[in-house]
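Engineer:
Numbering (UniProt numbering), first residue to last: 1 to 395.
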C-alpha cells in the first residue's frame with residue numbers, strides 16, 4: 001500500500017521533494033502558532049516574528065509549481081513545437097480537483113453544522129454572534145471556493161484555499177499563454193517578458209499600500225502574488241540557458257550558495273511585515289528561496305545533499321493532502337499529548353519540537369486520506385493517459 005509513497009521516480013528531481021516537504025513543514029508550523037490555527041502561543045517578539053513570516057513558505061510552493069509546470073511545457077514545446085493542452089488539463093484535473101472538492105464538501109458540511117448549532121442558541125454572546133456572521137459569510141461565498149476564485153473574497157469556506165486558487169488560475173492561463181505567445185519568441189525575448197512580468201505584482205502591491213487597501217489585496221490577490229510563480233519560471237529558463245551552471249559547480253560556488261541560502265533566509269525570517277515592508281517582504285523571501293532553490297539544484301551542494309534525502313519523498317507526495325487537511329488536525333495533534341491543558345509561552349526549542357511532532361502527526365493521519373482522495377484519481381489519470389498514448393501509436 002505504501003509503495004507509491006516511497007518508490008523512486010526517475011522523472012523527479014529528489015532535492016525538490018525536500019523543498020516541497022520544507023514548504024508544508026513551514027505552513028503547518030505557521031498555522032500552529034498564528035494565522036488560521038492559533039493553537040500554540042509563542043514566547044518573545046523574535047520567535048513570534050519568525051512564526052508569522054513562515055506564511056511566506058507558500059511562495060516556495062508557487063516557485064516549485066512555476067519551475068516544474070513551465071519546465072514541462074517548455075520541454076514539450078521543444079519536442080513537438082506545440083503544447084497538448086487537452087493532455088495538460090487532463091493531468092491537472094485528476095491531480096488536483098477531486099481531492100480538493102472532497103475536502104471542500106467536508107468543510108461545507110462541517111461549517112453548516114456549526115452554523116446550525118449557533119442558530120439554536122437563544123442568547124448568544126457578542127463573540128458567538130461575530131463567529132456566526134463569519135460562518136454565514138463563508139457559506140454564502142462557498143461557490144468561490146469551488147470556482148477557484150476564493151482568494152478575492154475575505155470570508156472563504158476553506159481558509160487556506162486562496163493559494164490553491166492562485167495556482168489553479170496559473171494552470172488555466174499560463175499554458176495557452178506559452179503556446180500562443182511566449183514560446184513563439186526567441187529565448188532572450190521570452191526571458192525579458194518574464195522579468196517584466198515579475199515586477200508587476202510589486203508595483204501593484206505598492207499601489208495598494210499607497211492607497212490604504214486592506215492587506216487581503218496585497219496578501220491573497222492573484223495580481224499581487226503571481227511574482228513567486230514567475231521566479232520559478234525564470235529558474236527554469238536559467239537551467240535551460242546555462243545547464244553547466246548547475247552541473248559544473250565549483251567548490252566556491254557551492255559554498256557561496258549554501259551559505260547565501262542560509263543567511264538570506266535567516267534575515268528574511270526576522271524582517272517585519274508591517275508598514276512598507278508588506279510590499280517587499282514577498283520579494284525578500286523570493287530572493288532567499290531562489291538562492292536555496294539553486295543550491296538544491298547544484299550537484300555537490302550541501303543543501304542538495306540534505307534535501308535529496310529519501311526521508312522527504314513520502315512527505316512531498318502527500319504534501320497536497322496535508323495542505324488540504326492539516327487545519328482539522330492541529331488541535332487533535334496537541335490534545336493527543338496535552339489533553340485540554342495546551343502549553344503557552346513556549347520558547348523556540350520546545351515550539352520547534354512540538355512543531356516537528358505535529359507535522360509527523362498530520363502526515364500519519366493524512367496517509368490514508370491520500371489513498372482515499374488522491375491515489376485512485378491518479379491511477380485513473382495514468383490509465384487514461386496510457387490509453388491515449390496507445391491510440392497515438394501508428395499501427
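For glycine and all other residues, C-beta sits at the position ideal for the given N, C-alpha and C.
When the Cα atoms are used, what is the spatial distance from residue 277 to residue 215?
Structural biologist: For the purposes of this step, residue 277 is identified with residue 277 of the chain shown, where counting begins at 1. For the purposes of this step, residue 215 is identified with residue 215 of the chain shown, where counting begins at 1. Cα to Cα, the separation comes out at about 12 Å.
Engineer: Since residue 44 is in the beta strand (DSSP E), which residue starts that stretch and which ends it?
Structural biologist: What you label residue 44 is simply residue 44 of the chain shown in a count that begins at 1. First-last for residue 44: undefined, no H or E at that position.
Engineer: Please classify residue 72: does DSSP put it in a helix, a strand, or coil?
Structural biologist: Here residue 72 refers to the residue found at position 72 of the chain shown. Looking at residue 72 - three-state DSSP - the assignment turns out to be helix.
Engineer: Considering residue 346, what are the terminal residues of the beta strand (DSSP E) in which it resides?
Structural biologist: Along the chain shown, read from residue 1 onward, the residue named residue 346 stands at position 346. Segment 344 to 346, the beta strand (DSSP E) holding residue 346.
Engineer: If you draw a straight line from the alpha carbon of residue 116 to that of residue 139, how long is it in whole angstroms?
Structural biologist: Here residue 116 refers to the residue found at position 116 of the chain shown. Here residue 139 refers to the residue found at position 139 of the chain shown. C-alpha separation (whole angstroms): 12 Å.
Engineer: When burial is assigned at 16 or more other CB atoms within 10 Å of the CB, is residue 145 buried or exposed?
Structural biologist: Start at 1 with the first residue of the chain shown, and residue 145 comes out as number 145. Answer is buried; the Cβ neighbour count reaches 16.
Engineer: For residue 224, which option in 181, 247, 166, 83 has the closest C-alpha, if you only look at C-alpha atoms?
Structural biologist: Here residue 224 refers to the residue found at position 224 when the chain shown is read from its first residue. Ranking the options by Cα distance to residue 224, first place goes to 166.
Engineer: With distance defined between alpha-carbon atoms, name the residue in 54, 322, 357 nearest to residue 100.
Structural biologist: One-based indexing of the chain shown puts residue 100 at position 100. It is 322 whose Cα lies nearest to the Cα of residue 100.
Engineer: Are the CB atoms of residue 23 and residue 61 within a distance shorter than 9 Å?
Structural biologist: Counting from 1 along the chain shown, the entry for residue 61 is found at position 61. Counting from 1 along the chain shown, the entry for residue 23 is found at position 23. Contact flag set, yes.
Engineer: According to the Cβ coordinates, are residue 325 and residue 364 closer than 9 Å?
Structural biologist: Locating residue 325 in the chain shown gives position 325, counting from the first residue. Locating residue 364 in the chain shown gives position 364, counting from the first residue. It is not a contact, given that the beta carbons lie outside the stated cut-off.
Engineer: Can you grab the Cα-Cα spacing for the pair residue 258 / residue 13, in whole Å?
Structural biologist: Start at 1 with the first residue of the chain shown, and residue 258 comes out as number 258. Start at 1 with the first residue of the chain shown, and residue 13 comes out as number 13. Answer to the nearest angstrom: the Cα atoms are 18 Å apart.
Engineer: Buried or exposed, going by whether 16 or more other CB atoms sit within 10 Å of the CB of residue 17?
Structural biologist: If you number the chain shown from 1, residue 17 lands on position 17. It counts as buried.
Engineer: Rounded to whole angstroms, what's the CA-CA distance from residue 390 to residue 65? Just pull it up for me.
Structural biologist: The residue given as residue 390 occupies position 390 in the chain shown. The residue given as residue 65 occupies position 65 in the chain shown. Taking the straight line joining both Cα atoms gives about 29 Å.
Engineer: What is the DSSP secondary structure of residue 432, counted as helix, strand or coil?
Structural biologist: As shown, the chain starts at 1 and ends at 395. That puts residue 432 outside it, with no answer to give.
Engineer: Go through its chain and collect everything with a Cβ distance to residue 264's Cβ below 6 Å, but skip five positions before and after it.
Structural biologist: Your numbering for residue 264 matches position 264 in the chain shown. Here the set comprises 288, 291.
Engineer: What separation, rounded to the nearest whole angstrom, lies between the Cα atoms of residue 179 and residue 83?
Structural biologist: Position 179 of the chain shown, counted from the first residue, corresponds to residue 179. Position 83 of the chain shown, counted from the first residue, corresponds to residue 83. Approximately 6 Å between the Cα atoms of the pair.
Engineer: Report the option in 189, 198, 333, 113 whose CA atom is closest to the CA atom of residue 241.
Structural biologist: Numbered from 1 along the chain shown, position 241 holds the residue referred to as residue 241. It is 189.
Engineer: Would you give the residue range spanned by the alpha helix (DSSP H) that residue 229 belongs to?
Structural biologist: Walking along the chain shown from the start, residue 229 turns up at place 229. It spans 227 to 241 - the alpha helix (DSSP H) in which residue 229 sits, taken as one unbroken run.
Engineer: Counting along the chain, where does the alpha helix (DSSP H) carrying residue 219 start and finish?
Structural biologist: Locating residue 219 in the chain shown gives position 219, counting from the first residue. Looking at the DSSP string, the run of the alpha helix (DSSP H) that includes residue 219 is 215 to 219.
Engineer: For residue 206, does the three-state DSSP call read helix, strand or coil?
Structural biologist: Walking along the chain shown from the start, residue 206 turns up at place 206. Residue 206: helix per DSSP, three-state reduction.
Engineer: Compare the beta carbon distance of residue 46 and residue 353 with 9 Å and say whether it is the shorter of the two.
Structural biologist: One-based indexing of the chain shown puts residue 46 at position 46. One-based indexing of the chain shown puts residue 353 at position 353. No, Cβ-Cβ distance for residue 46 and residue 353 is not below 9 Å.
Engineer: If you drop the 5 nearest sequence neighbours on each side, which residues of the same chain put their C-beta closer than 7 Å to that of residue 104?
Structural biologist: Taking the first residue of the chain shown as position 1, residue 104 is located at position 104. These residues qualify, in order along the chain: 145, 146, 157, 158.
Engineer: Distance, Cα to Cα, residue 361 vs residue 29?
Structural biologist: Residue numbering aside, residue 361 sits at position 361 when the chain shown is read from its first letter. Residue numbering aside, residue 29 sits at position 29 when the chain shown is read from its first letter. Taking the straight line joining both Cα atoms gives about 12 Å.
Engineer: Alpha carbon to alpha carbon, how far is residue 378 from residue 97? Give it in angstroms, no decimals.
Structural biologist: The sequence position of residue 97 within the chain shown is 97, counting from 1. The sequence position of residue 378 within the chain shown is 378, counting from 1. Residue 97 and residue 378: Cα-Cα distance of roughly 11 Å.
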